[in-house]
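**Q** Take a look at this one; I'll ask things after.
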Amino acid sequence: MRYISTRGEAKSVDFEGALFSGYAPDGGLFMPQEIPTLDYNTLRTWSVFSYPELVKELSSLFISSELIPRKELNDLIDSAFRRFRHKNVVHLARLKNGLNILELWHGVTYAFKDLSLSCTGQFLQYFLKKRKKHVTILVGTSGDTGSSAIESVRGENNMDIFVLLPKDLCSQIQELQMTTVIEENVHVFTAHGNSDEIDEPIKELFADADFARKHNLMSLNSINWSRIMVQIAHYFYAYFQCTPSMDMTPLPTVEIVVPTGGGGNLTAGYVAQKMGLPIQLIAVVNNNDIIHRTIQHGDFSFSGSVKSTLASAMDIQEPYNMERLLWLLSDCDGSLIKTLMEQFYTSKNLTLPEELHRKLSEALNSCSASDKDIVQAMRRCWEDNRYLLCPHSAVAVHYHYKQLDCHLSNGPRCCLAPASAAKFPDAVLRAKLVPEVPPEIRALNAMETRSTTLRREDNWARILRDRIEAIAQRRHT
1 MRYISTRGEA
11 KSVDFEGALF
21 SGYAPDGGLF
31 MPQEIPTLDY
41 NTLRTWSVFS
51 YPELVKELSS
61 LFISSELIPR
71 KELNDLIDSA
81 FRRFRHKNVV
91 HLARLKNGLN
101 ILELWHGVTY
111 AFKDLSLSCT
121 GQFLQYFLKK
131 RKKHVTILVG
141 TSGDTGSSAI
151 ESVRGENNMD
161 IFVLLPKDLC
171 SQIQELQMTT
181 VIEENVHVFT
191 AHGNSDEIDE
201 PIKELFADAD
211 FARKHNLMSL
221 NSINWSRIMV
231 QIAHYFYAYF
241 QCTPSMDMTP
251 LPTVEIVVPT
261 GGGGNLTAGY
271 VAQKMGLPIQ
281 LIAVVNNNDI
291 IHRTIQHGDF
301 SFSGSVKSTL
311 ASAMDIQEPY
321 NMERLLWLLS
331 DCDGSLIKTL
341 MEQFYTSKNL
351 TLPEELHRKL
361 SEALNSCSAS
371 DKDIVQAMRR
381 CWEDNRYLLC
391 PHSAVAVHYH
401 YKQLDCHLSN
411 GPRCCLAPAS
421 AAKFPDAVLR
431 AKLVPEVPPE
441 IRALNAMETR
451 STTLRREDNW
461 ARILRDRIEA
471 IAQRRHT
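In UniProt numbering, the protein residues as written are 1 to 477.
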């Protein structure tokens with residue numbers, strides 16, 4: 001399996017090359033040259049697999065056995081899921097009125113990103129030990145990515161991780177999960193800016209080819225294909241848990257509702273669909289509704305500044321994984337995607353070509369939710385089921401209730417739950433509910449913290465560059 005850039009001008013790489021990259025050299029994102037398709041018999045065989053078994057099967061399709069032999073791949077994935085609290089790693093909660101919630105948050109940081117990043121951390125270690133190499137990881141986070149990335153590499157001497165988080169725009173718990181990790185290889189920066197602004201210095205450093213090469217820069221944001229690859233398993237597991245039958249021809253369709261900000265999880269879902277999984281995808285967003293507007297109207301444009309919402313991890317106006325989705329929908333037309341994305345990033349304004357918008361709106365449906373909608377979904381779910389939702393999961397459940405109230409049924413439906421309500425006590429209180437906070441999260445308040453502040457007037461790229469150089473120098477003395 002080779003990986004090519006969505007913009008069509010970079011050389012192809014193998015999985016290891018894609019894993020250790022940020023953006024492709026031409027500014028695009030790496031994608032598999034081919035998406036494998038699965039036949040009916042394979043889907044039936046897979047339908048009884050556990051979540052870890054599905055991750056193993058899917059990963060083996062995208063990672064050649066020459067790079068990681070199958071037995072070693074299985075061992076790496078088993079190691080990745082060892083710290084998860086639930087015996088099945090993920091769990092489907094079946095609630096009243098057809099509400100199915102796939103809990104993806106049973107990892108160390110109580111967020112779905114633990115699933116893909118724990119595996120990605122194992123893949124990184126495998127190659128780093130083999131190549132006797134050191135990497136510098138750059139991560140911008142709107143909430144959960146940073147802590148999951150830190151947990152996947154903390155204490156490792158062949159990696160340094162630099163995390164930028166938007167000050168006061170994550171929940172206090174999300175921030176503490178990053179700033180309380182006191183490890184030599186963990187460097188946290190709290191920036192006075194929003195989640196799109198913190199991506200700018202990271203892009204600038206990756207764009208400096210000599211600097212990126214010298215320090216082996218890489219990303220663990222969802223620009224990294226490895227994260228998308230692992231997340232494909234969410235959709236297969238959700239489908240097999242929710243489908244009424246595996247004996248029908250054709251197989252029944254299951255609607256999967258995906259809360260999304262940067263579009264990574266949505267991309268994974270569309271890849272699953274391309275592989276032959278009979279799912280209908282619903283992208284659900286908060287008031288930062290660029291993905292919703294793109295699907296409904298072809299309007300891939302900024303609408304003013306990023307709005308602060310209760311679902312803070314989705315407060316994003318530059319969903320970079322839309323590039324991957326549009327590339328797949330355009331029949332992998334790198335030249336078209338290069339033109340479109342350069343226009344978007346230059347003018348922050350883009351109307352999709354008519355044919356591309358038609359394909360997008362046929363492949364996906366969408367819905368947006370206000371803070372009021374989020375709070376109402378949290379309350380209703382509690383009143384009906386005594387079940388606490390995080391505000392991001394509530395965006396998905398809002399869609400479910402909306403369909404229910406309009407007496408619209410498209411068959412079985414599964415809402416993805418990206419985080420535990422335990423991480424968002426303020427949102428729970430806003431819904432006039434009582435937070436349930438586990439002891440390990442409560443303990444964060446008493447722990448020592450460490451981070452570097454980036455003021456708005458500072459040159460963030462220069463500060464990052466200088467710190468990376470200084471740490472590299474210290475490592476070599």
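The beta-carbon is built from N, C-alpha and C at its ideal position, and this holds for glycine as well. Everything numeric in this text was worked out from a predicted model, so none of it was measured.
Of the residues E362, S303, N385, which one's Cα is nearest the Cα of N349?
**A** Here residue 349 refers to the residue found at position 349 when the sequence shown is read from its first residue. For the residues E362, S303, N385, the minimum Cα distance to N349 belongs to S303.
**Q** For V48, tell me which candidate among N158, Y237, L328, S335 has the shortest Cα-Cα distance.
**A** Looking up residue 48 in the sequence shown gives position 48. Measuring from the Cα of V48, the nearest candidate turns out to be Y237.
**Q** I think V108 touches V139, with their Cβ atoms under 8 Å apart; what is that distance to the nearest whole Å?
**A** Counted from its first residue, the sequence shown places residue 108 at position 108. Counted from its first residue, the sequence shown places residue 139 at position 139. Their Cβ separation, rounded to whole angstroms, is 16 Å, which puts V108 and V139 out of contact at 8 Å.
**Q** May I have the straight-line CA-CA distance separating E184 from A369, to the nearest angstrom?
**A** Position 184 of the sequence shown, counted from the first residue, corresponds to residue 184. Position 369 of the sequence shown, counted from the first residue, corresponds to residue 369. Distance between the alpha carbons of E184 and A369 is about 41 Å.
**Q** Just curious, the alpha helix (DSSP H) that F272 is in, first and last residue?
**A** Along the sequence shown, read from residue 1 onward, the residue named residue 272 stands at position 272. It is worth fixing the name first, because residue 272 is Ala in this sequence and not Phe. Element bounds for A272: 264 to 274.
**Q** Kindly provide the ranges of any alpha helix (DSSP H) runs that are 4 or more residues long and lie completely inside the region 93 to 153, ordered along the chain.
**A** The region 93 to 153 contains, as complete alpha helix (DSSP H) runs of 4+ residues, the segments 113 to 131, 144 to 153 (chain order).
**Q** Extract the residue ranges of the alpha helix (DSSP H) inside the region 290 to 345, only unbroken runs of 4 or more that lie entirely within it.
**A** 290 to 297, 322 to 329
**Q** Hey, out of T453, L429, L433, S420, whose CA is closest to I441's CA?
**A** Residue numbering aside, residue 441 sits at position 441 when the sequence shown is read from its first letter. Residue S420 is the option with its Cα nearest to I441.
**Q** Consult DSSP for Y235 and reduce its assignment to one of helix, strand or coil.
**A** As a working note, residue 235 is residue 235 in the sequence shown. Helix at Y235.
**Q** Within a Cβ cutoff of 7 Å, which residues of the same chain sit near D196, ignoring the five residues on either side of it in sequence?
**A** Looking up residue 196 in the sequence shown gives position 196. So the list reads V306, I316, Q317, E318, once near-sequence residues are dropped.
**Q** Quick one: what does DSSP say I161 is sitting in, helix, strand or coil?
**A** Here the question's residue 161 lines up with position 161 in the sequence shown. I161 falls in the strand class under three-state DSSP.
**Q** Is it a yes or a no for the region 209 to 227 touching the region 121 to 136, going by three-plus beta-carbon pairs under 8 Å?
**A** yes
**Q** Only counting the same chain, and skipping five residues up and downstream in sequence, which positions put a Cβ closer than 6 Å to that of Q177?
**A** Along the sequence shown, read from residue 1 onward, the residue named residue 177 stands at position 177. T109, S147, listed in sequence order.
**Q** Between G334 and E9, is the Cβ-Cβ spacing less than 9 Å?
**A** Residue numbering aside, residue 334 sits at position 334 when the sequence shown is read from its first letter. Residue numbering aside, residue 9 sits at position 9 when the sequence shown is read from its first letter. Yes, these two residues count as a Cβ contact at 9 Å.
**Q** Quick one: grab the DSSP three-state call for M218.
**A** Position 218 of the sequence shown, counted from the start, is the residue given in the question as residue 218. Strand at M218.
**Q** Just how far apart, CA to CA, sit H407 and N97?
**A** For the purposes of this step, residue 407 is taken as the residue at position 407 of the sequence shown. For the purposes of this step, residue 97 is taken as the residue at position 97 of the sequence shown. Taking the straight line joining both Cα atoms gives about 11 Å.
**Q** Would you check if there are 3 or more beta carbon pairs closer than 8 Å linking the region 193 to 210 to the region 461 to 472?
**A** yes
**Q** How about R465 and T452: are their beta carbons less than 9 Å apart?
**A** For the purposes of this step, residue 465 is identified with residue 465 of the sequence shown, where counting begins at 1. For the purposes of this step, residue 452 is identified with residue 452 of the sequence shown, where counting begins at 1. Against a cut-off of 9 Å, the Cβ pair of T452 and R465 comes out as no contact.
**Q** Keeping to the same chain, check which residues put their C-beta closer than 6 Å to that of G143; ignore five residues upstream and five downstream.
**A** Residue 143 sits at position 143 when you count from the first residue of the sequence shown. Once the five neighbours on either side are set aside, the close Cβ partners of G143 are C170, Q174, S312, A313.
**Q** Among residues of its own chain, excluding the 5 on either side of P425, which ones have a beta-carbon nearer than 7 Å to its beta-carbon?
**A** Within the sequence shown, the letter at position 425 stands for residue 425. For P425, where only same-chain residues beyond five positions count, the Cβ hits under 7 Å are P435, V437.
**Q** Please determine, among T179, L38, E255, A446, the residue with the shortest C-alpha to C-alpha distance to R413.
**A** One-based indexing of the sequence shown puts residue 413 at position 413. For R413, the nearest C-alpha among the options comes from E255.
**Q** Counting along the chain, where does the beta strand (DSSP E) carrying C415 start and finish?
**A** Position 415 of the sequence shown, counted from the first residue, corresponds to residue 415. Element bounds for C415: 413 to 417.
**Q** Going by DSSP, name the residue or residues bridged to Y3.
**A** For the purposes of this step, residue 3 is identified with residue 3 of the sequence shown, where counting begins at 1. Y3 is bridged to V13, P32.
**Q** Nearest to V284 by CA position, among G261, V271, H297, is which residue?
**A** Position 284 of the sequence shown, counting from 1, holds the residue named residue 284. Per the Cα distances, G261.
**Q** How would you call G269, buried or exposed, if buried means at least 16 neighbouring beta carbons within 10 angstroms?
**A** Working through the sequence shown from its first residue, we reach residue 269 at position 269. G269 comes out buried.
**Q** In terms of residues, what are the limits of the alpha helix (DSSP H) holding residue 510?
**A** Missing from the structure shown is residue 510; the chain here goes from 1 to 477 and no further.
**Q** Tell me whether the region 70 to 80 and the region 116 to 131 touch, counting them as touching only if at least three CB pairs, one residue from each stretch, are closer than 8 Å.
**A** yes
**Q** Closest to I4 by C-alpha separation, out of C332, H192, D247, A111, would be which residue?
**A** Working through the sequence shown from its first residue, we reach residue 4 at position 4. For I4, the closest of C332, H192, D247, A111 by C-alpha to C-alpha distance is C332.
**Q** Here's the rule: buried if 16 or more other CB atoms are within 10 angstroms of the residue's CB, otherwise exposed. What is I223?
**A** If you number the sequence shown from 1, residue 223 lands on position 223. Per the 10 Å Cβ criterion, buried.
**Q** Mind checking who Q280 pairs with in its DSSP beta bridge?
**A** As a first step, residue 280 is located in the sequence shown; it is residue number 280 there, counting from the start. In the DSSP output, where bridge partners are listed per residue, Q280 has E255.
**Q** Quickly, what does DSSP pair S366 with across the bridge? List them, please.
**A** On the sequence shown, residue 366 is found 366 positions in, with the first residue counted as 1. Paired residues: A283.
**Q** Evaluate the contact criterion for the region 22 to 37 versus the region 352 to 370: three or more CB pairs, one atom per stretch, below 8 Å.
**A** no
**Q** So, with DSSP's three-state summary, where would you put L454?
**A** Within the sequence shown, numbered from 1, the residue matching residue 454 stands at position 454. It is a strand residue.
**Q** Tell me which residues share the same chain as S245 and place their Cβ nearer than 6 Å to its Cβ, disregarding the 5 neighbours each side in the sequence.
**A** Within the sequence shown, residue 245 is the residue found at index 245, counting from 1. So no residue of the chain qualifies.
**Q** So T6 and E323 are supposed to be a Cβ contact under 8 Å. How far apart are they, rounded?
**A** The residue given as residue 6 occupies position 6 in the sequence shown. The residue given as residue 323 occupies position 323 in the sequence shown. Sure, about 5 Å apart at Cβ, within 8 Å.
**Q** Indicate whether F123 and S226 have their beta-carbon atoms separated by less than 9 Å.
**A** Here the question's residue 123 lines up with position 123 in the sequence shown. Here the question's residue 226 lines up with position 226 in the sequence shown. In contact: F123 and S226 (Cβ atoms closer than 9 Å).
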